[in-house]
Every structure is written in C-alpha cells, then in structure tokens.
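Once you know that position 379 of the sequence shown is 379 in the numbering used here, the rest is easy, because the numbers rise by one and skip nothing.
Glycine is no exception: its CB is placed at the ideal position from the N, C-alpha and C atoms.
The structure appears right after this line, and notes come after that.
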Amino acid sequence: MVKIDRQINTLIQKCINTKKIEFPKVETANCGLLLKKEIVLQMESNPEFIKLNPNSIEFNEALLKEAEVKLEREMPKNIVGAFGFVEDFQEKLKEENGIAKNVINGYGSLIKGLQGYILHRLHSDGFDVKGYFLDKLKPKGEREKELFLFEQHLYRFLPYSKYSAKDIWEICQRTLAFDDRYYVDEFARKLPFNNFDLAKNIYSIAIRSEQPNDTFFIASLLIGLHNNGFEGVFEKAFELQNKHPQQGYHVLNSLQNLSDEQNNSIFELVHNDYLPESIGSKTQVICGLIDNPKVSEELRKGCFNLITTYLQKENKELVKIAFHRIIYNLKSFEAEKYKLLHIYFENTQDISVIESFFYNYEHPEHLFHLMKMFYLAGWQRGSINRFESSIFHFWSNNIQETEKHILELFKPEDKFGLLPVEIIMTGSFGALPIDLLKLDTKQEQAKAIEAITLFPHTFDKLLPIVLPLRRSPYPEVVKFLQIKLSELIYDAYHRSLLDDIENLLDESKEDKAFVRPLREAYKNYESIVSKKKSINDLNPYENERDLMDLYYSLEHENRAKMMQDINENPNGILAAVGRSTIIVRGNSWKQELEDKVMPLGKVESSFILDARLFKNPDLQEYILNTYDKR
C-alpha cells in the first residue's frame, strides 16, 4: 500500500511539473501496478504511452490531499465552497509554475477528475448531490453561476456513486426535459465501459419511456452497450429506427465490428427508406458504410450510387442537407468525394460549400485542381477568399504537398497569373513561408520574381519570400531580382522598401554587392523628386493655392450658415442630426463570469500599397488583369 501511494504521489508531481497527463511507459518507473489499479490507462493509439485515468478514485484522493497541503486548509463541505477550493488549487499551481492567470485550463486535464471526485466525497459524507442538482436545475440560460459546467462533473461522478439506476435515470430524464443533451449523451455512451451492470439496468428502465427527448439517451446508451459487447443491440436499433428514424440511424451508424450481413441489412434499410425528412441521417449512415474498410467493393459501389441519387434530386434543400453530411462524415475516398462536389455544383450552382468542403481531406491536389478551374473560368478579385480556410487546413496538416502544388503554379508553360501569389498571401500572420529556391529552373524562379513584385499591396510580407532568390544558382535570376526590386524602390515604395531589404541582408560580400544597384535606384528617385520640387509649376501647393483658399472660404461660409439655421430653427432636421450624435468610448472589458476588469489594448491595422496604383490606376489595373493570361 505504501508503494502504490508513493507511485501515485510521484505521478502527481510529474503531471504538475510537465503540465501533461500522457507519458511514455519508459519514463514512468514500475507503471505496471498503476495500470493494474487503473490509475493510468494504456493509450489505444500508441501502446508505448500511458495516460492518467481522470476518474481514478485513488489518484484523486491523493490529489485532494496535495491540494489541502498547498492551500493549507481542508476542502469545504458544500458544493460552492468545494468547487471554489478546486479553482483556488488550480490557480495556486499556475502561480507556482509560471502560468499566467488568464490562461484558461492551465491544469484543466489534471483537475477535471478532481471536480468529479469531490462530489463523490460530499456524497459519501451524506450530502444529497442529486437533490441539490434537481433543485437548482433550470433551462441552460437561466442557471445560477455556481452551476456553470456543474453537469460535466456530475455525470463523471454518477457511474461511481451509490445512487440506484432509477435515481440516475431521473437525473438524466430531468436534464433531457430542458433539451440539454450534451453531457447526458456523453454519459450514456461511456457508462457501459465505466459500469456495465448499471448501464443495463438504466436501459431496462429508459426503454419504457415515450418522451421524444429520451430516445436520444436510449440511442447513445445502445451504442455504448454494443461497443462493450452487449448482444442484441443491432436488432434493437432496427426497432428504434422504426419508431424514431433519426435516433435509429444514429445507432446503426455508430455500431462497430458488424458482419457483412449486418452491413448489407443497413444498406437495404436506407435504400428502401423514401422519407425526405430522413435524408440527412441516411446520408450519414451511407458515408459510414463507405468509410468502413470491412465492407465489400460491391456494397461500397452501391453506396456511392445511392448517394449520387440524393445529390441529383430536384428539391435543392434536400440536396444541400445531404451534401452537408457528406462534407463532414465522408472521410476517405477523396477522389470519389471530389466527383460528388461537381455533381452538387451541377445541380445547385451553390459554390459556398467550397469553404468547408476539404475539411476532412489529407491531400491538397483536388483543392488546387478546383482553384485552377475557377481561375480559368473567370477569376475575380476576392475569389481567393472562398479558398482561404482550405489552404490553411492543408498548410497546417500537409505542408510539403501544399508547398509543392503552390510552386508548380510558377511553371512558365502554365498561365495562372497572380494566383500563386494570392495563395501565398492567405497566411494567417503574413505570407506562407514558401521556399522559392526549390523551383528547379531559372524560368520558374524568374516568373516567381515577376509575379511577386507585381502584387499590388503588402509587399513587405512578400519580401522575405522573394529575397532568398539572391542566393539562386542562376546569375540571370539574381540580376533580374535586382532589376525588379530597383523598379519597386524607384516607382512604388521608395525608402521604406530599401530599409526593409537592408534589414534582411547580412554583412557578407555577396549581400553588399547585391544591394548596390538598389541604393543607386533610390538615389535616382531622390534626384528626380528634388528636380520636381524645384519647379513650381509642378507643385500643387503653389499652382492651386488660390483654388484651395477659395474652397476653404466657401466651406467656412457654409458652416456659418448651417449654425445660423440651427439657432433660428431649433426643432429642424439639422438640429436633430447635430444634437443627437453620441460617441461612446470604452477603455476596459471583462469576461462574463469574472469580476476582474482589464484594460483594452491598442489595436491598429495598416498595409503598404504600390504607388503605381494611384499614379496611373488604369494602366496598372490593365497590367494586373492581363498578366500571364492564356
């Protein structure tokens, strides 16, 4: 007993110091006893790792003692005080380990089990947790502050409580009556794994209910029972589908390790269901069958054929419901899913789905194919906005392939204009850090330079992308880069661009040689500015001064007349406009559930603009619209 206590205390300190609850087995000495006691669990995704079991009573008992030592007081014997005690413990840990107070969930994963355990302690000491909850239970928006997230901890406690199946079902049913399902559904799905006998007993009571909200709980409980080995759930799911189609389909879509015969039965059920209101649930079930690696190719082909008929229906609203389910529930077969997108386009002409379509994709090839299609069909300014979230998704999850496809757009034989630069500029905090030195030929590198230096704004974000080409193995490319940067310094950005370039260069001999023609370009710009300033005919301050003086005198005269009209007619429209304008200023803010008031920070936004756009806007617009077109 002393040995396990010592191991638990060591585990607590490890969790506190590392701010983690998952560890390699090799880093946790003698973890066999911890696994045997289910204080830690082996991770299914990686058997070489273990993770803390947040529901372990032994662990949370030791963690509570640690909290009482650190806070130098015992846990209060009431709900509000006990939960406040846990919050104080979390803040103490954050303070001791250098975590800012406003960081949410600094030790959330470690603490969440303790919040359920304190209900176990209070219940063991005679506190009526059930009565307290039911007495306070109100619709979600009307609950008292002290019940904020209380359900989450209540349902973590219930599987280990001494309450009967009837008592627990009453708690669940009362919660469901307020159409509040999230924690109840999670509880029902996990209950068979936490307390199998209790789950069976609750099911035998709940199945008698005819309340519509209760069927969601029954469905989640059936899923958990089946996936934990309870027999007969498949047949019960068909019975549930007959009475409540949505919940029945939900169960059938979530059952694991079904036989070929059972999968075929599910397909036949969906195929023969012509109810339009079930199309969302039916589509979700079909997507589950397609993704199931154990189904036959013949069945999968039938599923694709069926789902295609859904997308070809005349009722566009039903088509949109079905396709929304496809986006989020069909996770494999990317090429076939991409074909479904085009079927959807053909039927609905709804291109708004592009923003979320690639949510489950792993490879970006179909995204780039779609962007090329849109570009050739008639790309407009702002068209890239529809693709930003998808580009970010692939850049975050598959950066190598995404960069490869972006670089391929710079091939001289392709004509995609500024599309690759627009893609690069979709980065959340500036340009995507593309390595242009990965372009193989001097033609590709030169095209990248030309496109990037033509881009009409925020060139300061693109400069770190294009400047590494000064290290190109092709002297012609280096020379071309100097020419294009010199043009920008002379025509567009002037001293600010030269400063930005010099800040990115080092003191090497090569960089000193590279920057010389750029400095010369700026000297030429200063020279022409000086000459223009010396000619008064070109100075608007001189040759338009009389006109400006006349304008301002007329402006003052009009304002004086307006004020006179207001004074003579206080009930007129001018007085109403002038006297009812209210300017509200704020300098602080606070979160809804906290009393602390924090100052507002300064927020400002700016970007640099190519001066050629307003020197000769028609010409520059023409150049931008015709660059690299087929």
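(request) Leaving aside the five residues before and after Tyr622 along the sequence, list all residues of the same chain whose C-beta is less than 6 Å from its C-beta, in chain order. (result) As a working mapping, residue 622 is identified with position 622 in the sequence shown. For Tyr622, where only same-chain residues beyond five positions count, there are no Cβ hits under 6 Å.
(request) Determine, using beta carbons only, whether Gln445 and Ser472 come nearer to each other than 8 Å. (result) Within the sequence shown, residue 445 is the residue found at index 445, counting from 1. Within the sequence shown, residue 472 is the residue found at index 472, counting from 1. Contact: yes.
(message) Classify Glu422: buried if its beta carbon has 16 or more other beta carbons within 10 angstroms, exposed otherwise.
(response) For the purposes of this step, residue 422 is taken as the residue at position 422 of the sequence shown. Buried.
(message) Between the stretch 517–534 and the stretch 545–557, can you find at least three pairs of beta-carbon atoms closer than 8 Å?
(response) no
(message) Within 10 Å of its beta-carbon, does Thr18 have 16 or more other beta-carbons around it, so buried, or fewer, so exposed?
(response) Within the sequence shown, the letter at position 18 stands for residue 18. Exposed, since its Cβ has fewer than 16 Cβ neighbours within 10 Å.
(message) Ignoring anything shorter than 3 residues, give me the beta strand (DSSP E) runs that lie fully in the stretch 343–395, in order along the chain.
(response) none
(request) Report the rounded CA-to-CA distance for Gly654 versus Glu96, giving the unit in angstroms. (result) Within the shown structure, residues of the chain are numbered from 1 to 630, placing residue 654 beyond reach of any answer.
(request) Excluding the 5 residues preceding and the 5 following Cys287 in the sequence, name in chain order all residues of the same chain whose CB lies nearer than 7 Å to its CB. (result) Against the sequence shown, residue 287 aligns to sequence position 287. Correct list, in chain order: Arg325, Ile326, Asn329 and Leu330.
(message) Assuming the contact rule is C-beta atoms closer than 8 Å, Leu367 and Phe345 should be a hit. Round their C-beta distance to whole Å, please.
(response) Residue numbering aside, residue 367 sits at position 367 when the sequence shown is read from its first letter. Residue numbering aside, residue 345 sits at position 345 when the sequence shown is read from its first letter. That belief does not hold up - the Cβ atoms of Leu367 and Phe345 are roughly 15 Å apart, past 8 Å.
(request) Output the distance between the C-alpha atoms of Gly578 and Arg386, rounded to the nearest integer angstrom. (result) Numbered from 1 along the sequence shown, position 578 holds the residue referred to as residue 578. Numbered from 1 along the sequence shown, position 386 holds the residue referred to as residue 386. Residue placement at Gly578 cannot be trusted, given a pLDDT of 48 that sits under 50; the coordinates are not used to answer.
(message) Taking the beta carbon of Leu34 as the centre, do at least 16 other beta carbons fall within 10 Å, making it buried, or is it exposed?
(response) As a first step, residue 34 must be located in the sequence shown, where it is residue number 34. Classification of Leu34: buried, given that the 10 Å Cβ count is 16 or more.
(request) Specify whether the stretch 82–97 and the stretch 131–141 touch according to this definition: at least 3 beta carbon pairs, one from each stretch, less than 8 Å apart. (result) no
(request) Put Ser580 into one of helix, strand or coil per three-state DSSP. (result) Along the sequence shown, read from residue 1 onward, the residue named residue 580 stands at position 580. Note that Ser580 scores 45 on pLDDT, short of 50, meaning its location in the model is unreliable; the coordinates nonetheless yield the value given after this. Of the three classes helix, strand and coil, the one that applies to Ser580 here is coil, per DSSP.
(request) Determine contact between the stretch 259–269 and the stretch 216–224, defined as no fewer than three beta-carbon pairs at a distance below 8 Å. (result) no
(message) Less than 7 Å between C-beta atoms, sequence neighbours within five positions excluded: which residues of the same chain meet that for Lys51?
(response) Here the question's residue 51 lines up with position 51 in the sequence shown. Closer than 7 Å at the Cβ level, and outside the excluded window around Lys51, lie Ile21, Glu22, Val40, Leu41 and Met43.
(message) Comparing C-alpha positions only, which one of Ile351, Leu63 and Ser390 sits nearest to Arg6?
(response) Along the sequence shown, one-based indexing puts residue 6 at 6. Nearest C-alpha to Arg6: Leu63.
(request) Use the C-beta contact count for Asn53: other C-beta atoms within 10 angstroms, 16 or more gives buried, fewer gives exposed. (result) Counting from one through the sequence shown, the residue named residue 53 turns up at place 53. Per the 10 Å Cβ criterion, buried.
(request) Output yes or no for whether 8 Å exceeds the beta carbon distance between Ile424 and Ile465. (result) Along the sequence shown, one-based indexing puts residue 424 at 424. Along the sequence shown, one-based indexing puts residue 465 at 465. Closer than 8 Å, so yes.
(request) Within its chain, find whatever has a CB closer than 7 Å to the CB of His153; leave out the 5 residues flanking it on each side and keep chain order. (result) Sequence index remark: in the sequence shown, residue 153 carries index 153 (1-based). Excluding positions up to five away in sequence, the list reads Gln115, Gly116 and Leu119.
(message) Could you check whether Tyr203 and Tyr183 sit closer than 8 Å to each other, using their CB atoms as the reference points?
(response) Taking the first residue of the sequence shown as 1, we reach residue 183 at position 183. Taking the first residue of the sequence shown as 1, we reach residue 203 at position 203. No, the pair does not count as a contact, with Cβ atoms beyond the cut-off.
(request) State buried or exposed for Met75, treating a residue as buried only when at least 16 other CB atoms are found within 10 Å of its CB. (result) Here residue 75 is taken as the residue at index 75 of the sequence shown, counted from 1. Buried, because 16 or more other Cβ atoms sit within 10 Å of the Cβ of Met75.
(request) Just the C-alpha distance for Ala206 and Trp169, rounded to the nearest angstrom, thanks. (result) The count along the sequence shown starts at 1 and reaches residue 206 at position 206. The count along the sequence shown starts at 1 and reaches residue 169 at position 169. Taking the straight line joining both Cα atoms gives about 7 Å.
(message) Quick check on the burial criterion: 16 or more other C-beta atoms within 10 angstroms. Buried or exposed for Asp440?
(response) If you number the sequence shown from 1, residue 440 lands on position 440. Flag for Asp440 reads exposed.
(message) Tell me the rounded alpha-carbon separation between Lys294 and Phe230.
(response) Here residue 294 refers to the residue found at position 294 when the sequence shown is read from its first residue. Here residue 230 refers to the residue found at position 230 when the sequence shown is read from its first residue. Whole-angstrom Cα-Cα distance: 21 Å.
(message) Let me check understanding here. Comparing Cα to Cα, which of His405, Asp291 and Gly280 lies closest to Glu317?
(response) Position 317 of the sequence shown, counting from 1, holds the residue named residue 317. Ranking the options by Cα distance to Glu317, first place goes to Gly280.
(request) Verify whether the separation of the beta carbon atoms of Ile12 and Glu66 is less than 8 Å. (result) As a working mapping, residue 12 is identified with position 12 in the sequence shown. As a working mapping, residue 66 is identified with position 66 in the sequence shown. Their beta carbons are under 8 Å apart, which means Ile12 touches Glu66 by this criterion.
(request) Give the straight-line distance between the Cα atoms of Gly382 and Tyr474, rounded to the nearest whole angstrom. (result) Taking the sequence shown and counting its residues from 1, one reaches residue 382 at position 382. Taking the sequence shown and counting its residues from 1, one reaches residue 474 at position 474. Cα to Cα, the separation comes out at about 35 Å.
(request) Compute the distance between the beta-carbons of Asn201 and Ala177, then report whether it is under 8 Å. (result) Along the sequence shown, read from residue 1 onward, the residue named residue 201 stands at position 201. Along the sequence shown, read from residue 1 onward, the residue named residue 177 stands at position 177. Their beta carbons are not under 8 Å apart, which means Asn201 does not touch Ala177 by this criterion.
(request) Name the residue from Pro517, His494 and Leu504 whose alpha carbon lies nearest to the alpha carbon of Leu481. (result) Working through the sequence shown from its first residue, we reach residue 481 at position 481. Nearest of Pro517, His494 and Leu504 to Leu481, Cα basis: Pro517.
(request) Please go through the same chain and pick out, in chain order, the residues whose beta-carbon is closer than 7 Å to the beta-carbon of Lys438, but skip the five residues on each side of it. (result) Numbered from its first residue, the sequence shown carries residue 438 at position 438. Leu407, listed in sequence order.
(request) Per DSSP, which residues does Lys51 bridge with? Please list them. (result) Working through the sequence shown from its first residue, we reach residue 51 at position 51. Paired residue(s): Glu22 and Leu41.
(request) Measuring alpha carbon to alpha carbon, tell me which of Thr175, Glu334 and Lys77 ends up nearest Phe127. (result) Within the sequence shown, residue 127 is the residue found at index 127, counting from 1. Nearest option by C-alpha distance: Lys77.
(message) If contacts are defined as beta-carbon pairs under 8 Å, then Ile501 and Val478 qualify, I think. What distance do you get, rounded to the angstrom?
(response) Sequence index remark: in the sequence shown, residue 501 carries index 501 (1-based). Sequence index remark: in the sequence shown, residue 478 carries index 478 (1-based). Contact flag wrong, Cβ pair sits at about 14 Å.
(message) Suppose you measure from the CA of Gln256 to the CA of Leu469; what does that come to, to the nearest Å?
(response) One-based indexing of the sequence shown puts residue 256 at position 256. One-based indexing of the sequence shown puts residue 469 at position 469. Going by the C-alpha atoms only, they are around 54 Å apart.
(request) Out of Glu362, Asp214, Val597 and Phe410, state which residue places its alpha-carbon closest to the alpha-carbon of Ser396. (result) Along the sequence shown, one-based indexing puts residue 396 at 396. Taking only the C-alpha atoms, the option nearest Ser396 is Glu362.
(request) Could you pull the start and end residues of the alpha helix (DSSP H) that Gly280 belongs to? (result) The residue labelled residue 280 in the question sits at position 280 within the sequence shown. Run containing Gly280: Ile279 to Asp291, per the alpha helix (DSSP H) assignment.
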